[in-house]
Every structure is written in C-alpha cells, then in structure tokens.
Amino acid sequence: MRAIILNEPGDVNQLHYTEIPQPEPLENEVLIKVKAISINPVDVKTRAGKGVYGRLKEESALIIGWDISGVVEKTGNKVTQFKKGDAVFGMVNFPGHGKAYAEYVAAPETHLALKPANVSFEEAAAATLVALTAYQALVHHAKVQAGQNILVHAASGGVGHIAIQIAKYLGAAVTGTSSLKNKEFVLGLGADKHIDYNTYDWNSHQDSFDFILDTIGGDNIDKSIEVTKKGGTLISIPTGLNEKVTEKAKLKGIEGYFILVQSNGEDMKAIADLLEKGIIKPFVSETFPFDKMKEAHLQQETGRTKGKIIITL
C-alpha cells in the first residue's frame, strides 16, 4: 500500500511517499480501507518536531495522522462491533501512533463508530479529532449546562465550529470569536454573538462567561481569565496553562486547565448520533487528493482555515 512516512521532523519535504506492506489487524483491531483523512494543527506541529513528535520519534516508519473514515476490509478474531464492509470513522490511537497517512489503517475497534448513512466519508473524517475535542471539553470536563454563557475562541476553526454546535445543542448561550470576515459563518453555526478578535477591547468586557474554550493559547489565556465568572471554567487546548496563569486563575476563583483529547469509541458513537440527527455538521473548506498532502499541510499552517481540510483517497 501507499503510505507517507516521516523520516525526520521538518518542513513539508519531510513527508515521503513510499510503498509498505498492508498492516495486519490484531485480534481487537479492524483493517480499514481509507476513504478520507482529516488534517489537524497537531499533524503539522508533529511533522515539524513539536506536537506529539516526542512520543513518536522512536517509531520506525513513523506515519503521522489520526483521523480517518473508510470501509472495514478485515477484522481481528475478537472484534464484535464491526464486520467487513462496514463504513466507519474515528480518531485512531491518539496521542499515540495513529498511522493514518496510508491507504489502509489498522485501528482498535474501541476507537471507531459506524458512519451514519447520511454523512459523507469526507464529513465523517472531519468529525473526528475536532469533534472529540469539543465533545470531551464541553460534556465531560466543563459539563456545560442549559442557560450557561460560554465563549468559544477561534470559532470558525476546526474545534471551534463544532464546539459552537454542541454548545447550542446543550442549551448554552454562545459567543464566538473570529476575524470579521468569518462573522456570518460563526453566526450561521448558531452562535448568539460574535467578537472580532482583531479589534475587540477585552478590558472593556464585563465578567460574564461561565465557561471558555480556548483554542489559541498564548496571551489569549490571560484575556480569557479576565472575562470568566468567578467559579467558572477555562479549558485551553493548544497550550498548557503555565504556573503564573494557573495562579492568576486560582486567585480569581476560576478552574483553568489544559486537556488533551483521547481516542474513545463511545464518544465517537455519541458524535455519530449527533451527525445522523443533523445536530452537528462539519464544514469542509477544502479537499486534496492523497498525492497533495504537502499542499494540505501548507494550507493548514496558514492558521486561517475555516472548518476542516480533508484528504481523499
């Protein structure tokens, strides 16, 4: 099969196409013929030697990528949830070795869900890491409730655009930040209010949010603390809250912490249900064929992608 390996970290020229044997599924795994792959910021960070590269650098034939949708080709002898021919999707082995940049992927059955029939393979791949991140942050960690006031940063991005939809489903009032050009997109996702992060004066904003999902990091965390209610929660995804910021949050009576999304088949099933019912719908801004992975990484690196970038096979 064709696969893309990373011999050493660096720019997009470190993504090397090669031919390797198809993986053989273990007893609790299924072999998936991949139809679509989703690209995330962690992909390009890991390729560059950051992200989760430190966890994977000793792997021989390192294949990055985690988000896939496709069709089950073969099952291990202890697999009970799936059979050959099933259309499935999921985030595989994150934050471990996902090996998603390939024509075939062996994945634990506990990391997958059946793809709803009304959702394309491209949309399914787009609703994996970002949907799991949003779902785990809002449902498991923050336990967002109806009537709460929440803020989603980078609301037009991968995690953000799904988080808005889940938050509205949970009954929250949602404010989303983005550039002005994406205002209508953010409001169209269901956000009640929009903030243009380029011009907004955070110092003039009254404390008002029960929960903030920060997908940007850096000094954005400080801004977020200033507009979180006492007793509220701030979750940061791209960067851990450093000691100074954690202390600042504690002084204000805010619970602030970093989360790392984890592969979880039960959560994938919940996301599949939301997709099937039309409660969430991922936005695919651009698709690339498998032989254009470098171009897809360059687009992701701009930091200006609306929704998701997908690779099709």
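Under UniProt numbering, the sequence shown has 128 at position 128, and the numbering climbs by one with no breaks. All C-beta atoms in this analysis are idealised placements derived from N, C-alpha and C, irrespective of residue type, glycine included.
Cut-off 7 Å between Cβ atoms - residues of its own chain near residue i, not counting five sequence neighbours on either side
i: glycine 240; result: Phe258
i: leucine 187; result: His194
i: valine 284; result: Glu122, Glu123, Ala126, Gly307, Lys308 and Ile310
i: glutamine 299; result: Glu286, Thr305 and Ile309
i: threonine 215; result: His153, Ala154, Gly157, Val159, Gly160, Ile237 and Pro238
i: residue 382; result: A question about residue 382 goes unanswered here, because the residues of the chain that appear run from 1 up to 313.
i: alanine 270; result: Tyr135
Local conformation of residue i per DSSP, three classes
i: leucine 260; result: coil
i: isoleucine 68; result: strand
i: aspartate 210; result: strand
i: asparagine 93; result: coil
i: alanine 272; result: helix
i: isoleucine 166; result: helix
i: asparagine 13; result: helix
i: alanine 191; result: coil
i: glutamate 286; result: strand
i: arginine 2; result: strand
i: tyrosine 104; result: strand
i: threonine 110; result: helix
i: isoleucine 20; result: coil
i: isoleucine 225; result: helix
i: asparagine 77; result: coil
Cut-off 6 Å between Cβ atoms - residues of its own chain near residue i, not counting five sequence neighbours on either side
i: glycine 158; result: Val130 and Lys308
i: glutamate 73; result: Leu31 and Lys33
i: threonine 133; result: Val159 and Val261
i: valine 71; result: Lys33 and Ala87
Status (buried if at least 16 other CB within 10 Å, exposed otherwise) for residue i
i: serine 224; result: buried
i: alanine 117; result: exposed
i: asparagine 77; result: exposed
i: threonine 199; result: exposed
i: glutamine 206; result: exposed
i: threonine 302; result: exposed
i: asparagine 242; result: exposed
i: alanine 107; result: buried
i: proline 21; result: exposed
i: serine 208; result: exposed
i: lysine 181; result: exposed
8 Å Cβ cutoff met for residue i and residue j
i: valine 30; j: valine 79; result: yes
i: lysine 294; j: valine 12; result: yes
i: residue 400; j: threonine 233; result: Residue numbering for the chain in the displayed model covers 1 to 313; residue 400 lies beyond these limits and cannot be assessed.
i: isoleucine 32; j: isoleucine 311; result: no
i: isoleucine 279; j: alanine 127; result: no
i: arginine 47; j: proline 95; result: no
i: phenylalanine 211; j: isoleucine 150; result: yes
i: valine 261; j: glutamine 136; result: yes
i: valine 88; j: lysine 57; result: no
i: histidine 97; j: glycine 265; result: no
i: isoleucine 68; j: glycine 51; result: no
Neighbourhood of residue i by C-beta distance below 8 Å, restricted to the same chain and skipping five residues each side
i: histidine 16; result: Ile4, Ile5, Leu6 and Asn7
i: arginine 2; result: Tyr17, Thr18, Glu19, Ala102, Glu103 and Phe290
i: aspartate 222; result: Val245 and Lys248
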